[in-house]
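For the sequence shown, position 200 (counting from the first letter as 1) is numbered 199 according to numbering that gives the first Met the number 0, and the numbering increases by one without interruption.
A virtual CB, placed ideally from N, CA and C, is assigned to each residue, including glycine.
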Amino acid sequence: MTETKKQEWNSNLAFMMAMIGSAVGLGNIWRFPNVLYSNGGGSFMIPYIVSLFLLGISFVLVEYAVGFKFKRSIARILYSIKNKLEPVAWFILLIVFLITTYYVCVVGWDFIYIILSVTKAWGANPDLYFANNVLHATDSMSGLFTIVPNVLVSVFLIWLFACLILRQDLNDGIGKVSQILLPLLCLIVVGIVAFSLTLPGASIGYSQIFTPDWSALGNLDVWLAAFGQIVFSLSLGMAIAMTYASYLPEGSKLVDNAVLVAFSNSGFEVFNSIGIFSILGFMTFTSGIPFNELVTEGTGLAFVVFPQVFNTMGDVAYIIGPLFFLCILFAGITSVIALLEGVCYSISEKFLIERKKTATVVCIIGFLISTIFATGVGSTILGVFDAYLNNFALLFAILLECIIFGWIYKFDDLIEVLNNNSSIKVGKTWKTVIKYILPICIAGLWIQGVYSTVKSADGLSITIMLILTVILIVVPMIFAKLPALNKDYYNV
């Protein structure tokens with residue numbers, strides 16, 4: 000394999016691992032089954048597929064084209080387009096960084112559950128065990144001063160591993176890790192899905208995917224849910240695709256690569272859900288608990304419902320359980336690394352700090368913030384962070400990117416970049432989607448997200464969201480105003 004092909008392979012493999020990581024990772028373990036079940040079952044696949052093409056692939060193509068054309072970090076790219084846009088880049092990167100700080104904590108919970116699953120230490124009441132023994136959860140703000148040692152140690156280990164990988168270049172870091180973890184991840188998931196299909200009552204679960212409620216197609220909320228799921232699962236707006244595309248060599252087939260990554264992600268997401276639904280169907284069959292009570296959104300599915308399932312499986316759960324949580328750990332770690340790659344790249348490029356030092360500093364700061372989620376009230380604060388950053392900040396960032404690349408930048412240049420070596424071509428239809436259709440869809444999602452977030456907020460949540468709002472305004476402005484130590488940074 001030539002060096003050029005090797006570089007393209009590693010960059011695409013790293014990105015694919017990040018995307019598949021988000022599909023099978025903790026986020027979608029608790030999100031996709033609930034979204035699918037709550038929005039018409041099998042009929043949800045129609046708006047989901049439409050959203051994949053209309054939103055997912057379309058926006059990934061934008062990020063691929065921009066990253067490949069500029070070969071720079073997102074901060075320098077937006078400065079190159081218009082210098083007043085640089086704060087938008089740091090706004091996006093700060094959102095990504097803050098999401099990572101709490102996502103690491105959830106991956107840390109999973110790490111704990113790998114150990115617990117060896118002996119089913121959660122006992123007969125996994126719900127109570129998770130709240131009292133793992134999280135030591137409390138709703139009182141006094142819990143902020145109570146560190147939960149097991150969570151803190153697991154969070155530290157996740158940050159340490161991520162730091163060690165990020166300190167390497169793309170080929171030696173996530174490129175090599177992906178070559179090991181991706182096959183293992185696929186192997187474990189295939190094994191779990193295959194086993195789940197043999198369980199009695201499995202058909203109760205997987206039939207939900209293939210039994211459509213056609214009336215749901217006329218519901219606007221179902222279509223918005225499909226768009227939201229694609230945003231979530233493909234990590235749109237987080238500059239991951241843009242960052243990895245900047246590493247691709249000349250001659251890369253950008254459209255082909257983007258389509259492959261998007262389909263791999265969504266295919267893996269649906270395949271993984273067949274296994275999850277089958278296991279939940281098995282639990283309904285053996286326990287008598289209605290299926291709709293098992294399909295929940297939140298950490299309850301991964302850390303409460305599945306331990307309940309493993310309790311009913313007998314001795315085989317001592318094998319399936321650890322493999323299940325190990326699978327999520329692999330996916331979670333690769334997602335963490337992918338999220339931090341763009342942050343480190345932008346800081347390193349502007350301030351001429353070598354990659355190793357940048358990764359170390361970013362991870363240390365990230366760990367310090369993550370300690371907030373390793374306290375007694377940490378799970379409560381985590382929920383507020385998740386709702387605000389995903390439903391409000393991230394969707395707003397995607398809307399800004401659509402406007403910048405669709406209206407401010409010379410969009411036809413991106414079409415030329417994408418079509419240069421690709422066997423699949425894009426043209427006016429894609430341009431129309433990015434300039435008109437996508438902003439309308441994202442704006443609808445954003446309004447819905449803001450409404451649902453504010454509607455359910457209490458006093459504590461509003462306080463935290465106000466603090467986050469100030470941080471998201473002030474910090475990006477500071478980073479944009481700081482003078483670049485890289486003399487070429489301002490050369491556009």
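- When C-beta atoms of the segment 99-114 are compared with those of the segment 319-329, three or more pairs fall below 8 Å, so the two segments count as touching.
- At least 8 Å separates the beta-carbon of residue 189 from that of residue 273.
- Distance from residue 58 to residue 235 at the Cβ level is roughly 5 Å; contact confirmed, criterion being Cβ atoms closer than 8 Å.
- Restricting attention to alpha helix (DSSP H) runs no shorter than 4 residues, the segment 332-417 encloses them at 354-369, 377-387 and 394-402, ordered along the chain.
- With a cutoff of 8 Å on beta-carbon distance, residue 40 and residue 245 are scored as not near each other.
- Shortest Cα-Cα distance from residue 256 to any of 470, 61 and 38 involves 61.
- Non-local C-beta neighbours of residue 35 in its own chain, meaning closer than 6 Å and more than five positions away in sequence, comprise 43, ordered along the chain.
- The Cβ atoms of residue 334 and residue 72 do not sit closer than 8 Å to each other.
- Judged by their CB atoms, residue 91 and residue 388 are not nearer to each other than the 8 Å cut-off.
- For the pair residue 397 and residue 442, the Cα-to-Cα distance works out to about 9 Å.
- Residue 288 carries a coil assignment under DSSP once its states are collapsed to helix, strand and coil.
- Here the C-alpha atom of residue 32 lies approximately 14 Å from the C-alpha atom of residue 211.
- Counting other Cβ atoms within 10 Å of its Cβ, residue 445 reaches 16 or more and is therefore classed as buried.
- As the crow flies, the alpha-carbon of residue 406 is around 7 Å from that of residue 434.
- Annotation for residue 85: the continuous alpha helix (DSSP H) segment containing it runs 85-116.
- Relative to the Cα of residue 194, the nearest Cα in the group 115, 75, 320 and 237 belongs to 320.
- A direct Cα-Cα distance of roughly 11 Å separates residue 130 from residue 379.
- Nearest to residue 364 by C-alpha distance, out of 427, 113 and 159, is 159.
- Ranked by how close their Cα comes to the Cα of residue 390, the residues 452, 479, 366 and 303 have 452 in first place.
- Judged by DSSP in its simplified three-state form, residue 441 adopts helix.
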